[in-house]
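Protein chains in written order, with the working numbering: chain V, 434 to 741; chain X, 45 to 449. Even glycine gets a Cβ: it sits at the ideal position worked out from N, Cα and C.
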Amino acid sequence: MGGEFVMLSLVPILIGVLAAIACALPGNFLVLRRQALIGDAISHVVLPGIVVGFLLSGTVSSWAMMAGAAGAAIVAVLLIELVRRLGRIEPGAAMGVAFTALFAFGVLLLEQSDTSSVHLDVQHALYGNLESLIWVEARGWSSLLDPVALAGLPPELTRIAIVSLLMLVFTVVFWRPLKISTFDEGFARVLGMRTNLIGLGLVIMAAIAAVASFDAVGSIIVIAMFICPPAAARLMTNRLEAQVLWSVAFAVFSAVMGYVLAGYGPLWLGADDAVSAAGMIATVSGLVLALAALYGPHRRSTGASAEG
Amino acid sequence: MGTSILLDALTLQLGYNAKLVAIGAALLGIAAGASGTFLFLRKRALVSDAISHATLPGVGLAFLVMAAFGGDGRHLVGLLLGAALTAGAGLLAMHWLTRRTRLAEDAAIGAVLSVFFGFGVVLLTVIQTVSVGRPAGLEDFLLGATAGMLYQDAVLITVAGALAVLVVWLLRRPMTMVAFDAGFAAASGVNVRRVDLAMMGLVLAVTIIGLKMVGLVLIVALLIIPPVTARFWTNRSDRVVIIAGVFGGLSGFIGAAISATAPSLPTGPIIVLTAFVLFVVSMLFAPGRGVLAAWMRHRRQQRRIHLRQGLLAIAQDLPIYERYTLQLLVRAGLARADGVPTELGRRRAEKACRDESRWAVARRMHSHESAVSRYDGLLPIEDVLTRDEIREIDRQIADAGGECA
């Protein structure tokens, strides 16, 4: 089992776990700041971004597409702000206007341009293709120590590893300003913090996490991981430190369980093919949230005062 | 040639199916715009995003059930019923999360939309695996497709769209009241919970109807963009409903017509982009709330303040350094380019100064409190006080011995 597992499943699981962590870390603050749907908006506009990236560069190189996606995320955030300010429209509706229009533009662009020769379609953007990220050079666990085999690791793994490290560093370094400005913006301002810069930084970090994870796992996991693990964690504790740890644990659990259930579950039930890992990971994270909402020790808002 | 085809499409000269699709899209747009208004006014626009994504597992389940009973599993009514079922479940889950836990509504929306959609994707892959029925085309529900639409499907969408418009019309009063001021509606004896439920039911129905044509990812746009657009044109909630319906209908009709002219113009995205263009035009050019109107108002105010300050400076024999002020004075014939006031400028400056002192006196008199509270530094005193009152003020100024400060 070892050799096949390392070759087929180890890398997808690792990528899933890292993507889940990268999204869940900023997700904690987004959920607390009631900006949870920023992740939803960003992951929709990634589609026009990668199409433009492809059209401009003419290649399916990941870097061109990621640059396009990052650009689109910035355009989306600016457009939302613009619509909100100029039109004096509430943020939710402004978001709805901006991301649906950009997504429609992406679909239209895709239909208009000749992308049939490359693997670029809406389904891919939504579900990703976690299962295809196999480690061809692997011959077993020993390959982990073999530099030649390690060089053949899918580049997605390296990218998502770097980005999740970046998220970790961001969370740790800016812990205090993030925490204070999230819970009490007025107090943060009194302390001399640039709260709007902190907010912008958080959104940019979320965009980076979304774009990098999207590249490997598709936007559906991105939205689920931004929201479900942090939301479930919020129902477990009143302390932010513990909440972040819980959310990481939930994210890792969802990624591993989801992948295993999608890959091996159907085989246990006698079917031949695996089901979508991305969809299953999102489903598991939803089950975790449902359990937390049913039994979490701090699920009620009134329960907050019990601990003092 | 392209324009003539478009003209044909817009005047319903294309094939019978294209005609039906355009009418169906227009009705769908009207229903979506009007019912979306109530969500928008209640500041819950993105609830529709959760509802629409939650339809996917229902489509998959319905297909599996129908395929299990023999059949190719592609009966549209069956698929849409399944979609309605899970969308309703998603709505309930969302309500439960917001009411029973301390999670905010946006987190509940995001959780429901991603989890239900993820589960739907799992079901789609299950369908591919078990290979029953004819699953080709199920993915059309993501982005909509009118190209291969059956005649009876188009009729179904058109009839359902017309019904939804009718329901909006019948329920417009209580829904407007609740959307505008839920507390007031409750006090006037409206059952807010039931109206809310009807509102959600309507949004759900519109979503389901639009699924085949616009697709679940983009149907939200039809529920959100037209109301936001309509908001630029009026401040009255009952008119927002109607205008949103008009904009929605226009987007649906024009979008469907444009998309009928070429195969590479997918219906859903074109309808959404049409709505977006209407939105941008309204945001920029709507009178009152539009960006251009606001900018012009700002400029006019700026001009009035500069002129006033310039006149007061002339009255006090102060030199004017501000170039914009001088420019305005010259253009109005109140001063020469070197800053020396003209005869007219002197008279107007004197008047401005006199008014300023009149206001100063008026501010001390309690009888003019309400008039003074309207004073913004520019309001002519003749507009708020009668001639007798002004004469009384002038008498007081003369008693105090001052003419102009």
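Distance from the CA of Trp-213 (chain X) to the CA of Leu-186 (chain X), rounded to the nearest whole angstrom, comes to 29 angstroms. A Cβ-Cβ distance of about 14 angstroms is found for the pair Val-159 (chain X) and Cys-456 (chain V), leaving them out of contact under the 8 angstroms criterion. For Pro-313 (chain X), DSSP records no beta bridge to any residue. Pro-363 (chain X) sits exposed, since fewer than 16 C-beta atoms from the chains shown fall within 10 Å of its C-beta. Thr-716 (chain V) has a beta carbon lying within less than 8 angstroms of a beta carbon in chain X.
Of all residues in the region 506-526 of chain V, the ones placed with a Cβ closer than 8 angstroms to any Cβ belonging to chain X are Val-516, Leu-519, Gly-520, Arg-521, Ile-522, Glu-523, Gly-525 and Ala-526, in chain order.
DSSP, read as helix, strand or coil, puts Pro-385 (chain X) in strand. Assigned with DSSP and collapsed to three states, Ala-306 (chain X) falls in coil, not helix or strand.
By the neighbour-count criterion, in which 16 or more other beta carbons inside 10 Å mark a residue as buried, Asn-629 (chain V) falls on the exposed side. Around the beta-carbon of Arg-344 (chain X), fewer than 16 other beta-carbon atoms lie within 10 Å, marking it exposed. If only complete runs of 4 or more residues are kept, the region 448-508 of chain V shows the alpha helix (DSSP H) at 470-490, in order along the chain. Listed along the chain, the chain V residues whose CB falls inside 8 angstroms of the CB of Ser-79 (chain X) amount to none; the nearest CB is some 14 angstroms away. For the 8 angstroms CB-CB criterion, Met-638 (chain V) and Met-600 (chain V) form a contact. Listed along the chain, the chain V residues whose CB falls inside 8 angstroms of the CB of Met-340 (chain X) amount to none; the nearest CB is some 14 angstroms away. For Ala-442 (chain X), the three-state secondary structure derived from DSSP is helix.
At a Cβ-Cβ threshold of 8 angstroms, Met-138 (chain X) and Ala-148 (chain X) do not count as neighbours.
Taken atom to atom, the span from the alpha-carbon of Thr-130 (chain X) to that of Phe-686 (chain V) is near 26 angstroms. For Phe-291 (chain X), the nearest beta carbon of chain V is not closer than 8 angstroms to its own beta carbon. At a cut-off of 8 angstroms between beta carbons, Pro-270 (chain X) makes no contact with chain V. Taking a contact as a CB-CB distance under 8 angstroms, the pair Thr-305 (chain X) and Leu-50 (chain X) counts as one, their CB atoms being some 5 angstroms apart. Boundaries of the alpha helix (DSSP H) harbouring Gly-539 (chain V): 524-545, taken from the DSSP string. By the Cβ test, the region 477-487 of chain V is in contact with the region 504-511 of chain V, since at least three Cβ pairs between them sit closer than 8 angstroms. The region 559-566 of chain V makes contact with the region 710-729 of chain V; the number of CB pairs closer than 8 angstroms reaches 3 or more. Against chain V, the CB of Ser-308 (chain X) has a partner CB under 8 angstroms away; the residue lies at that interface. Shown in chain order are the members of the region 130-156 of chain X whose Cβ falls below 9 angstroms from a Cβ of chain V: Ala-137, Trp-140, Leu-141, Arg-144, Thr-145, Arg-146, Leu-147, Ala-148, Glu-149, Asp-150, Ala-151, Ala-152, Ile-153, Gly-154, Ala-155 and Val-156. Restricted to the region 391-432 of chain X, not a single beta strand (DSSP E) segment is unbroken, complete and at least 3 residues in length. Per DSSP, Ala-649 (chain V) has no beta bridge partner at all. 8 angstroms or more divides the Cβ of Arg-732 (chain V) from the Cβ of Arg-407 (chain X). Contact fails between the region 612-629 of chain V and the region 590-598 of chain V, because fewer than three Cβ pairs, one in each stretch, are under 8 angstroms apart.
Gln-545 (chain V) has a beta carbon lying within less than 8 angstroms of a beta carbon in chain X. Among the bridge pairs identified by DSSP, Ala-643 (chain V) is matched with none. Val-174 (chain X) and Phe-163 (chain X) have their C-alpha atoms spaced approximately 16 angstroms apart. Per DSSP, the continuous alpha helix (DSSP H) segment holding Trp-701 (chain V) begins and ends at 673-701. The C-beta of Gly-712 (chain V) comes closer than 8 angstroms to at least one C-beta of chain X. According to the DSSP assignment, Phe-616 (chain V) belongs to the alpha helix (DSSP H) that extends over 608-616. In the structure shown, Ala-204 (chain X) adopts helical secondary structure according to DSSP, grouped into three states.
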